[in-house]
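> Dropping a structure here in structure tokens format, bear with me for questions.
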Amino acid sequence: MSIESAKVILWEEKQKDYLKKFYDLQFVPRVGEEIYLNRENWRVTRIEHDIEVSEINIYIELIKKVKQDKISDSEKTNK
14 MSIESAKVIL WEEKQKDYLK KFYDLQFVPR VGEEIYLNRE NWRVTRIEHD IEVSEINIYI
74 ELIKKVKQDK ISDSEKTNK
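Encoded structure:
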């Protein structure tokens with residue numbers, strides 16, 4: 014007996030094109046969970062299941078990084 018896996022597609026929120034497709038993903042992240050993809054941290058905003066075509070669409074948004082230079086500069090001035 015074989016188990017057919019669902020196609021998982023990662024979409025950037027508010028964009029038309031997908032970022033990545035997976036066919037053998039072991040688990041699906043939850044809404045609000047952070048994932049690491051393409052050397053950046055992303056947060057899952059919503060998930061849509063399309064049972065008819067065995068597809069899961071995951072919408073993610075880029076987590077903005079805090080500039081480390083500004084933090085290190087303020088630490089230098091306080092010393």
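Per the working numbering: the sequence shown = residues 14 to 92. Every residue gets a Cβ at the ideal spot worked out from N, C-alpha and C, and that includes glycine.
1. Looking at the structure shown, is Ile76 part of a helix, part of a strand, or coil, going by DSSP?
2. So, is Leu23 buried or exposed, given that buried needs 16 or more other C-beta atoms within 10 angstroms?
3. Just the Cα atoms here: how many angstroms apart are Pro42 and Ile76?
4. Tell me the DSSP secondary structure of Glu65 in three-state form.
5. DSSP on Val44, reduced to helix/strand/coil?
6. What does a CB cutoff of less than 6 angstroms around Ile48 pick up in its chain, not counting 5 residues either side in sequence?
7. Comparing C-alpha positions only, which one of Leu38, Gln39, Glu46 sits nearest to Ile73?
8. Using CA coordinates, which residue listed in Ile71, Leu32, Ile60 is at the minimum distance from Arg52?
Taking the geometry as given:
1. Locating residue 76 in the sequence shown gives position 63, counting from the first residue. Looking at Ile76 - three-state DSSP - the assignment turns out to be coil, as it is neither helix nor strand.
2. Residue numbering aside, residue 23 sits at position 10 when the sequence shown is read from its first letter. With 16 or more Cβ atoms within 10 Å of its Cβ, Leu23 is classed as buried.
3. As a first step, residue 42 must be located in the sequence shown, where it is residue number 29. As a first step, residue 76 must be located in the sequence shown, where it is residue number 63. Cα to Cα, Pro42 sits roughly 16 angstroms from Ile76.
4. Against the sequence shown, residue 65 aligns to sequence position 52. Three-state result, Glu65: helix.
5. Start at 1 with the first residue of the sequence shown, and residue 44 comes out as number 31. Here Val44 sits in coil by DSSP.
6. By one-based count along the sequence shown, residue 48 stands at place 35. Result list for Ile48: Pro42, Trp55, in chain order.
7. For this step, residue 73 is matched to residue 60 along the sequence shown. For Ile73, the nearest C-alpha among the options comes from Glu46.
8. Along the sequence shown, read from residue 1 onward, the residue named residue 52 stands at position 39. That would be Leu32, whose Cα lies nearest to the Cα of Arg52.
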